[in-house]
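Sequence order for the protein chains is A and B.
Quick note: to get the working numbering, add 2 to the position in the first sequence (first position is 1).
Quick note: to get the working numbering, add 597 to the position in the second sequence (first position is 1).
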Amino acid sequence: MTPLAVSVDRVSFRYQKTLVLEEVTLQVKEGEFLALIGPNGAGKTTLLKLILGLLPLKEGTITIFNRPVQKLGELRSQIGYVLQGNTINRYFPITVEEFILTGRYPLIGMGKKPRIQDYQAVEAVLSKVHLTPLRSKPIRELSGGQWQRMLVARALVSQPRLLLLDEPTTAIDPKGSESLYELLLTLREAKTTIIVVSHDVGVIAQYADTIACLNRTLVCHDRPEEVISAETLETMYGKEVAFFHHGEIPHIVVKKSPHGRQENEERE
Amino acid sequence: MEFLRFGFMQRALLEGAMIGVLCALLGVFVVLRNLSFVSAGISHAAFGGVALGYLLGINVVMTAMVFCVLVGISVSIITQKSILKEDTVVGILYASTMALGVFFMSFTKGYSVDLFSYLFGSILAVTQFDLIVTAWVGSIATFLVLFFFKELTVTTLDPETAKASGIPAEAFHYLFTALVALVIVVSIRVVGIILVSALLVLPAATALRIARTMKGVTFLALTVSLISSLGGLILSYFLNTPSGATIVLLGAGIFGGSFLFHFPR
Numbered sequence: 003m004t005p006l007a008v009s010v011d012r013v014s015f016r017y018q019k020t021l022v023l024e025e026v027t028l029q030v031k032e033g034e035f036l037a038l039i040g041p042n043g044a045g046k047t048t049l050l051k052l053i054l055g056l057l058p059l060k061e062g063t064i065t066i067f068n069r070p071v072q073k074l075g076e077l078r079s080q081i082g083y084v085l086q087g088n089t090i091n092r093y094f095p096i097t098v099e100e101f102i103l104t105g106r107y108p109l110i111g112m113g114k115k116p117r118i119q120d121y122q123a124v125e126a127v128l129s130k131v132h133l134t135p136l137r138s139k140p141i142r143e144l145s146g147g148q149w150q151r152m153l154v155a156r157a158l159v160s161q162p163r164l165l166l167l168d169e170p171t172t173a174i175d176p177k178g179s180e181s182l183y184e185l186l187l188t189l190r191e192a193k194t195t196i197i198v199v200s201h202d203v204g205v206i207a208q209y210a211d212t213i214a215c216l217n218r219t220l221v222c223h224d225r226p227e228e229v230i231s232a233e234t235l236e237t238m239y240g241k242e243v244a245f246f247h248h249g250e251i252p253h254i255v256v257k258k259s260p261h262g263r264q265e266n267e268e269r270e
Numbered sequence: 598m599e600f601l602r603f604g605f606m607q608r609a610l611l612e613g614a615m616i617g618v619l620c621a622l623l624g625v626f627v628v629l630r631n632l633s634f635v636s637a638g639i640s641h642a643a644f645g646g647v648a649l650g651y652l653l654g655i656n657v658v659m660t661a662m663v664f665c666v667l668v669g670i671s672v673s674i675i676t677q678k679s680i681l682k683e684d685t686v687v688g689i690l691y692a693s694t695m696a697l698g699v700f701f702m703s704f705t706k707g708y709s710v711d712l713f714s715y716l717f718g719s720i721l722a723v724t725q726f727d728l729i730v731t732a733w734v735g736s737i738a739t740f741l742v743l744f745f746f747k748e749l750t751v752t753t754l755d756p757e758t759a760k761a762s763g764i765p766a767e768a769f770h771y772l773f774t775a776l777v778a779l780v781i782v783v784s785i786r787v788v789g790i791i792l793v794s795a796l797l798v799l800p801a802a803t804a805l806r807i808a809r810t811m812k813g814v815t816f817l818a819l820t821v822s823l824i825s826s827l828g829g830l831i832l833s834y835f836l837n838t839p840s841g842a843t844i845v846l847l848g849a850g851i852f853g854g855s856f857l858f859h860f861p862r
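Listed below in structure tokens is the structure:
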């Protein structure tokens, strides 16, 4: 039996008095590529932050590689992540390769200088995300897509066993998005466990091993072909959905409520 | 170079060089962490400490240190534990500690001349004791900033990610705030309570306009800061003006002058 990378057991979470996650139980096997989907405010980012230990876990348990999330210790250096809407100062005086090197800091240790292997790891990851020509540029000069690739590179530079990405294809064009997912597939082949939060259900379904649908509670967790059904998605979004197929890629559209315009006018 | 023969001038220049280095080193992180207003709040809190020292007849540097560190740490704690924004907390604390200072002063007699030197800085005011305190504080602050340069950089650049990777971002924030408070206190003799935060901000802001890497920014901030503090002290001797104001105006002049040249953003 494949060991578990992440185990979320009956986790609930509240912001003030608002219940964001309710009794969520989810297991991700080592080497699994999981896509986490759901409408806005469904608790996807909250769940990711709980797994990362960025939010205090009060109800339920989360273990990463069989260790409680509160006691990860050095295991934290084996987790890579790209957070959504990051608060990085774009005008920070740092070059692309220096920025990526910061992803190695937990491995280097406090008060210590980077070693040759740290620079070699940066070199390798720069090439993987096709940023080698931009290595000496200040981060302020990157385009949206290049910026996103740089964030992914920082997450990869510590050669993580678990990779968490919150909407990593935001600001990337379709070609860049495809290239990023292809890169994730090569990582999965190297047994890296991957959890990706995405709104792009049709695209992510082509790459992920399993899809978990979240809308405060866990609506489903299954293989993509089982999840991508009108019934499941309607339960998750709480609205009727329509499918359009382009080749094998399904595109999902949440249908407008017949009373939508009237409701909007009343609200205004 | 006749002025170098005077003991007070030698002490002032030595103190100026030390605080020039310290303010530049910490100032880069102050500006990048958006702590410019916090540093102004901390420096104003020193007034309460100075006044308390006068009232109790004890060393004012020590009482000012306690006030500044307490206010710096309190700003961080209150901001994290409440819904109030940092500028609101700073506004409350610095006005309260200034009021406390005025309150203490009302019970003290014969303070006005010396108080003016604390508010605006004086080259005559630097004592041997001040030099020793600055050297100690400076050595500790420089060692900690250089030793944890990597960690300070990453917690400034992206605190959330740093925290997720196990780097104690909050602990570094408290440590850094305490260091800023200590450096502000030792800088007060030369630059003054009212203007000391400008010496933290101006060289770093000038350097950030020009340089594109952390090393470049730090080096340039050091250069601008030393020119401002030493140049300002020498000018204040010849012009017979308050040292703090002269240092800050020279720094502001260099910052303003940087706009005459085009630097790519």
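For every residue, glycine included, the Cβ atom is placed at its ideal position computed from N, Cα and C.
* **G718 (chain B), DSSP secondary structure in three states** => As a working note, residue 718 (chain B) is residue 121 in the second sequence. Here DSSP, grouped into helix, strand and coil, assigns G718 (chain B) to coil.
* Asked: Around the C-beta of I737 (chain B), are 16 or more other C-beta atoms found within 10 angstroms, so that it is buried, or is it exposed?
  -> As a working note, residue 737 (chain B) is residue 140 in the second sequence. Exposure of I737 (chain B) is indicated by the presence of fewer than 16 other C-beta atoms within 10 angstroms of its C-beta.
* **8 Å CB neighbourhood of K139 (chain A) in its chain, flanking five on each side removed** => As a working mapping, residue 139 (chain A) is identified with position 137 in the first sequence. Result list for K139 (chain A): T97, V98, in chain order.
* Asked: Using CA coordinates, which residue listed in B:E767, B:I720, B:P756 is at the minimum distance from F603 (chain B)?
  -> The residue labelled residue 603 (chain B) in the question sits at position 6 within the second sequence. Among B:E767, B:I720, B:P756, the Cα nearest to that of F603 (chain B) belongs to B:I720.
* Whole-angstrom distance between L697 (chain B) and H132 (chain A), CA atom to CA atom -> Residue mapping note: residue 132 (chain A) aligns to position 130 of the first sequence, counting from 1. Residue mapping note: residue 697 (chain B) aligns to position 100 of the second sequence, counting from 1. Here the alpha carbons of L697 (chain B) and H132 (chain A) stand approximately 59 Å from one another.
* Asked: Going by beta carbon distance, what residues of the same chain come within less than 7 Å of A818 (chain B), once the five residues before and after it are set aside?
  -> Numbered from its first residue, the second sequence carries residue 818 (chain B) at position 221. Cβ within range, chain order: A621, G624, V625, P800, A801, A804.
* Check K31 (chain A) in the structure and name its three-state DSSP category. => The count along the first sequence starts at 1 and reaches residue 31 (chain A) at position 29. The DSSP-derived three-state label of K31 (chain A) is strand.
* Asked: Taking the C-alpha atoms as reference points, what is the distance between E169 (chain A) and L792 (chain B)?
  -> The residue given as residue 169 (chain A) occupies position 167 in the first sequence. The residue given as residue 792 (chain B) occupies position 195 in the second sequence. Using only the alpha carbons, I get a separation of about 45 Å.
* **Residue-level contact to chain A via CB, F744 (chain B), 9 Å cutoff** => For this step, residue 744 (chain B) is matched to residue 147 along the second sequence. With 9 Å as the cut-off, F744 (chain B) counts as an interface residue toward chain A.
* If you draw a straight line from the alpha carbon of A759 (chain B) to that of L144 (chain A), how long is it in whole angstroms? -> Locating residue 759 (chain B) in the second sequence gives position 162, counting from the first residue. Locating residue 144 (chain A) in the first sequence gives position 142, counting from the first residue. When rounded, the distance between both Cα atoms is 22 Å.
* **Residue span of the alpha helix (DSSP H) that contains H132 (chain A), given as start and end** => Sequence index remark: in the first sequence, residue 132 (chain A) carries index 130 (1-based). Element bounds for H132 (chain A): n/a, residue is neither H nor E.
* Figure out for me which residue from B:I807, B:V821, B:M811, B:A842 has the closest Cα to the Cα of H859 (chain B). => For the purposes of this step, residue 859 (chain B) is identified with residue 262 of the second sequence, where counting begins at 1. Checked all of B:I807, B:V821, B:M811, B:A842; the closest Cα to H859 (chain B) is B:I807.
* To do: Can you tell me which of the three DSSP states R69 (chain A) falls into?
  => Sequence index remark: in the first sequence, residue 69 (chain A) carries index 67 (1-based). Secondary structure of R69 (chain A) (DSSP, three-state): strand.
* Residues of the region 783-816 of chain B whose Cβ lies closer than 8 Å to any Cβ of chain A, in chain order -> Those residues of the region 783-816 of chain B that come within reach of chain A (Cβ to Cβ, closer than 8 Å) are L805, A808, R809, T810, M811, G813, V814.
* Span of the alpha helix (DSSP H) holding A804 (chain B)? -> To locate residue 804 (chain B), count along the second sequence from 1; it is residue 207. Note, A804 (chain B): alpha helix (DSSP H), 793-807.
* Inter-stretch contact at 8 Å, needing at least 3 Cβ pairs: the region 28-43 of chain A / the region 200-220 of chain A -> Yes, they touch.
* **Contacts of G55 (chain A) in chain B (Cβ-Cβ under 7 Å)** => Counting from one through the first sequence, the residue named residue 55 (chain A) turns up at place 53. Proximity of chain B to G55 (chain A) at the Cβ level (cut-off 7 Å) is accounted for by A761, in chain order.
* Roughly how many angstroms separate the alpha carbons of I675 (chain B) and K747 (chain B), rounded to a whole number? -> For this step, residue 675 (chain B) is matched to residue 78 along the second sequence. For this step, residue 747 (chain B) is matched to residue 150 along the second sequence. In this structure, the alpha-carbon of I675 (chain B) lies about 27 Å from that of K747 (chain B).
* **For R151 (chain A), three-class secondary structure by DSSP** => Taking the first sequence and counting its residues from 1, one reaches residue 151 (chain A) at position 149. Note: R151 (chain A) maps to helix in three-state DSSP.
* Asked: According to the neighbour-count rule (16 or more other Cβ atoms, all chains shown, within 10 Å of its Cβ), is S693 (chain B) buried or exposed?
  -> As a working note, residue 693 (chain B) is residue 96 in the second sequence. Per the 10 Å Cβ criterion, exposed.
* To do: Anything in chain A within Cβ reach of E757 (chain B), meaning under 8 Å, just list it in chain order.
  => Here residue 757 (chain B) refers to the residue found at position 160 of the second sequence. Per Cβ cutoff of 8 Å: L56, L85, N88, T89.
* To do: Give the secondary structure of E612 (chain B) by DSSP, where H, G and I count as helix, E and B as strand, and everything else as coil.
  => On the second sequence, residue 612 (chain B) is found 15 positions in, with the first residue counted as 1. Helix at E612 (chain B).
* Check the Cβ-Cβ distances between R78 (chain A) and every residue of chain B, and say whether any is below 9 Å. => Numbered from its first residue, the first sequence carries residue 78 (chain A) at position 76. With a threshold of 9 Å between beta carbons, R78 (chain A) makes contact with chain B.
* **Proximity below 9 Å, CB of E32 (chain A) to CB of K193 (chain A)** => Within the first sequence, the letter at position 30 stands for residue 32 (chain A). Within the first sequence, the letter at position 191 stands for residue 193 (chain A). Yes; because the gap between Cβ atoms is below 9 Å, this pair is in contact.
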